[in-house]
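To convert, take the position in the sequence shown, counting from 1, and add 30; that gives the numbering used here.
Note that beta-carbon positions come from the ideal geometry of N, C-alpha and C, so glycine has one too.
None of these values were measured; they are calculated from a predicted model.
Everything below concerns the one structure shown next.
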Amino acid sequence: KTPVARLSGGNIQKVLLARELAEGAKVVIFNKPTYGLDLANTLASRQRIRDTAARGLAVLLISTDLEELLGMCDRIAVIADGALVGTVENVDDARTKVGRLMIGLAA
């Protein structure tokens with residue numbers, strides 16, 4: 031019965047995700063879901079994201095943490111100045127390709 035505004039960052043995320051899933055969402059957007067969280071809540075949040083995808087929902091993960099993206103995503107899109115620069119399949123050389131896109135070179 032604690033007001034949401036008084037919960038920790040990790041618990042607020044749990045409430046928001048539960049609300050979205052209860053409303054029958056087909057796509058869930060996570061915008062910097064681990065920003066400012068401690069390690070335990072970061073790991074728990076990442077697992078919730080994986081669980082969401084495993085349920086068959088489409089997941090869009092927005093993050094500035096390249097390691098997080100490489101560890102969780104099938105594809106990585108690079109956006110600069112509000113425009114899509116390119117999209118990379120997350121395979122062996124994804125880090126290099128994403129890096130090239132980030133500095134303005136072709137992947």
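Determine the extent of the alpha helix (DSSP H) in which residue i is found, giving its start and end residues.
| i | result |
| --- | --- |
| Arg76 | Leu69 to Ala84 |
| Ile42 | Gly39 to Ala52 |
| Val128 | Ala124 to Met132 |
| Gly101 | Leu96 to Met102 |
Secondary structure at residue i, three-state DSSP: helix, strand or coil?
| i | result |
| --- | --- |
| Glu119 | strand |
| Leu91 | strand |
| Ala35 | helix |
| Leu135 | coil |
State the start and end residues of the unbroken beta strand (DSSP E) segment that holds residue i.
| i | result |
| --- | --- |
| Ile106 | Arg105 to Ala110 |
What residue from the options has the CA that sits closest to residue i's CA?
| i | options | result |
| --- | --- | --- |
| Val89 | Arg105, Arg130, Leu96 and Leu37 | Arg105 |
| Gly39 | Leu87, Ile92, Gly101 and Gly66 | Gly66 |
| Met102 | Asp111, Lys44, Ala48 and Leu73 | Leu73 |
| Leu46 | Val34, Val128 and Gly134 | Val34 |
| Ala136 | Ala48, Val121 and Thr117 | Thr117 |
| Ile92 | Pro63, Arg125 and Glu53 | Pro63 |
| Asp81 | Leu131, Val128, Ala48 and Asn41 | Ala48 |
| Leu99 | Gly112, Ala124 and Thr32 | Ala124 |
Identify the residues that DSSP records as bridge partners of residue i: which are they?
| i | result |
| --- | --- |
| Val57 | Ala88 |
Return no unless some Cβ of chain D is closer than 7 Å to the Cβ of residue i.
| i | result |
| --- | --- |
| Leu90 | In the displayed structure, chain D is absent; only one protein chain is listed. |
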